[in-house]
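Asks: Numbering (the numbering used here), first residue to last: 1021 to 1470.
Think of the CB as a built atom: it goes at the ideal place given N, C-alpha and C, for glycine as much as any other residue.
What you are looking at is a predicted structure, and each value in this text was computed from that prediction instead of being measured.
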Ligand SMILES: [Mg+2]
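1) Is residue 1221 helix, strand or coil when you go by DSSP?
2) May I have the straight-line CA-CA distance separating residue 1334 from residue 1305, to the nearest angstrom?
3) Taking 7 Å as the limit, name every residue whose beta carbon sits nearer than that to some heavy atom of ligand 1, in sequence order.
4) Rounding to the nearest angstrom, what Cα-Cα distance links residue 1096 and residue 1426 in this structure?
5) Measure from the alpha carbon of residue 1391 to the alpha carbon of each residue in 1398, 1383 and 1397, then state which is nearest.
6) In terms of DSSP beta bridges, what is residue 1255 paired with?
7) Using only the alpha-carbon positions, how far apart do residue 1041 and residue 1331 sit?
8) Quick one: what's got a C-beta closer than 6 Å to residue 1284's C-beta in the same chain, skipping five residues either side?
9) Flag this pair as yes or no: are the beta carbons of residue 1090 and residue 1152 separated by less than 8 Å?
10) For a minimum of 3 consecutive residues, which ranges assigned as the beta strand (DSSP E) are wholly contained in the region 1367-1428?
11) What's the C-alpha gap between residue 1127 and residue 1459?
12) Can you grab the Cα-Cα spacing for the pair residue 1393 / residue 1411, in whole Å?
13) When we look at the beta-carbon of residue 1048 and count the other beta-carbons within 10 Å, is it buried (16 or more) or exposed?
14) Where residue 1163 and residue 1083 are concerned, what is the direct C-alpha to C-alpha distance, given to the nearest angstrom?
15) Please list the terminal residues of the continuous beta strand (DSSP E) segment that includes residue 1143.
16) Taking just the CA atoms, how far does residue 1366 sit from residue 1387?
17) Which residues bound the alpha helix (DSSP H) around residue 1305?
18) Nearest to residue 1252 by alpha carbon, out of 1288, 1217 and 1268?
19) Who pairs with residue 1466 in a beta bridge, going by DSSP?
20) For residue 1200, is the classification buried or exposed, using 16 other Cβ atoms within 10 angstroms of its Cβ as the cut-off for buried?
21) Spatial neighbours of residue 1469 within its chain, please: C-beta separation below 6 Å, excluding the five flanking residues on both sides.
22) What span of residues does the alpha helix (DSSP H) with residue 1161 cover, start to end?
23) Which whole-angstrom value describes the C-beta separation of residue 1344 and residue 1312, a residue pair presumed to lie in contact below a C-beta threshold of 8 Å?
24) Check the C-beta distance from residue 1370 over to residue 1113 and give it rounded, since I have them as a contact under 8 Å.
25) What is the rounded straight-line gap between the Cα of residue 1248 and the Cα of residue 1291?
26) Report yes or no: do three or more beta-carbon pairs, one from the region 1351-1367 and one from the region 1168-1183, lie closer than 8 Å?
27) Give me the Cβ distance between residue 1295 and residue 1319, rounded to the nearest whole Å; I'm assuming they're in contact under 8 Å.
28) With DSSP run on the structure shown, which of helix, strand or coil describes residue 1349?
29) From residue 1110 to residue 1206, what does the alpha carbon distance come to, in whole angstroms?
30) Cα separation between residue 1406 and residue 1395?
31) I'd like the span of the alpha helix (DSSP H) that includes residue 1151, first residue to last.
32) On the three-state DSSP scale, how would you describe residue 970?
33) Buried or exposed for residue 1380, going by 16 or more other Cβ atoms inside 10 Å?
34) I'd like to know whether the C-beta atoms of residue 1086 and residue 1160 end up nearer to each other than 8 Å.
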C-alpha cells in the first residue's frame, strides 16, 4: 500500500472516499471508528490498481524537448482568378485583386515532448520560418524543464520576455503555437479533451458556416453556394472582389455577388461577406448602405486591423453588423477593441491571438460585453473554444478543397479534423487534447524543414 495509507486513519471526523479511488458509493464508507483506510482497499482490491494508475498520472511531467517543423506544400496548387478576394495590399497596388499572389502554403508544427512520453502538438499558419526561429531561439530555452501544466506562468514568461520585439504578429503567433502544444499536452496528461478543461460541452453540436465562395463568375458562384445550402449549411460566407480603386462599377459587382448567393441559398440561410481589409472607411460606408437591404449577417474585416477607430465608426452606422479580429492579438488588443466598440462579432484565431491561454480570457471578456465570438478558420483549436463557451454561437468551417490559398492545408497535415454533417460539427468527448495526430507526409506534397 506504500507509505500513503498509514497516515490516513479515519478518526473522529467523517471522511468521504471519493471516486478518485473507486466508483464505489462514497456514502458507504463514511465512518466514525478508527479502522484504517486499507480496510477499504482490502474489500476492493481492484481499486489498488486504479489508485496506482491515478498516482502515476499525477506525477509532474517535465518538458524535455521542443521540435519545430515547417510543412511546406510543394504539390499542385489550384489557380486563383482575378478579383478572387480583396486584400489590404489592394490599397497600395495599381490594381485590386492582388491576393492572386498571396498564399499560406507553409505551416509550422510544434511538438512539445515530455519526460512521461506525452507529446503535445501545436501549429502556426503565419510566417512559419520566422515563427520557427522565434521558438527555437527565444521560447524553447524558457520551456525546457518546465511543467507543461503551468500554462499561465509559461504564457506570461514567453510574452514578457519577447515583449520588446514580440507582442503582436510573429512573436504572438509563435507563442500561440507553443501554447496550443502545451494545452494539447495538458489534455493528454489528464486524458481529457481540451474543451472539457475549459468548461466542457455547452452544445450538443457546433453549427458551422461554409467559408468559401471566393469572388468568381456569377454562374459558378451560384452553383457553389447552392452546393453548401444543399449540404445543410445554414450560413455561408463570400469574399468581396472589388475595392475603392474599382469605383462604382466594382461596388455594383460586389452587390451582384451577394444577390447571386442569396438567389442560390434562399431566404433562410445567412450570408456574410469578407473584405479581408481591402476597403477603407469611406468605401465601406458606401457599401454598407447598399448591403443593408440584402439582410447580410455581417461584413467582415472591412479595413486594416490597426484601424480600430474605423471599425467603431462603421459599426456605429448600424447598417450591417461588423466583425473583425482575425489579425488582432492578445487580451490587451481585444480589450482596446471592445472598449472602442469595434466589433459586433470577435473573430480571433487561437493560433494567432495567444493560444488557448489568451483565447479563453478574450472569450470571457466578450461574454461580459455581449459580443459574439466566432473564431477565424474553424480547426480544432478554435472549435474547442466554441464548444466550451456560450459566447460562441457558431464556428467557421473551411471545406476540404484542392490546395489553393493554403488556409485549407490543415486537412492535409492532420488526422482527426472534425467534418461537417448537415451544417454541424461535433467534438469527441473521449479524444484527449485536441484529438489530432500528424499524417505521414508525402514527399511529393510536403517539404519538411526541421
Ligand atoms: Mg476573414
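Replies: On the basis of the supplied data:
1) coil
2) 7 Å
3) 1294, 1296, 1320, 1321, 1346, 1367 and 1396
4) Approximately 11 Å, taken between the alpha carbons.
5) 1383
6) 1290
7) Note on residue 1041: pLDDT 36, under 50, position unreliable in the model; the coordinate value appears next. For residue 1041 and residue 1331, the distance between alpha carbons rounds to 54 Å.
8) Result list for residue 1284: 1242, 1245 and 1246, in chain order.
9) yes
10) 1415-1417
11) 14 Å
12) 6 Å
13) In this predicted model, residue 1048 has a pLDDT of only 35, less than 50, meaning its place in the structure is not dependable enough to derive any value.
14) 7 Å
15) Boundaries of the beta strand (DSSP E) around residue 1143: 1139-1144.
16) Distance between the alpha carbons of residue 1387 and residue 1366 is about 10 Å.
17) 1301-1311
18) 1288
19) Beta-bridge pairing links residue 1466 to 1093.
20) By the Cβ neighbour-count rule, residue 1200 is buried, with 16 or more other Cβ atoms within 10 Å of its own.
21) Annotation for residue 1469: 1090 place their beta carbon closer than 6 Å to its own, counting only its chain and skipping 5 residues before and after.
22) 1160-1163
23) Not a contact, Cβ separation roughly 18 Å.
24) In fact, because the Cβ distance is near 31 Å, the residues do not count as touching under 8 Å.
25) 12 Å
26) No, the region 1351-1367 is not in contact with the region 1168-1183.
27) 7 Å
28) coil
29) 42 Å
30) 8 Å
31) 1148-1154
32) With the chain represented from 1021 up to 1470, any question about residue 970 goes unanswered, as that position is not in the structure.
33) buried
34) Taking C-beta atoms as the reference points, residue 1086 and residue 1160 count as a pair closer than 8 Å.
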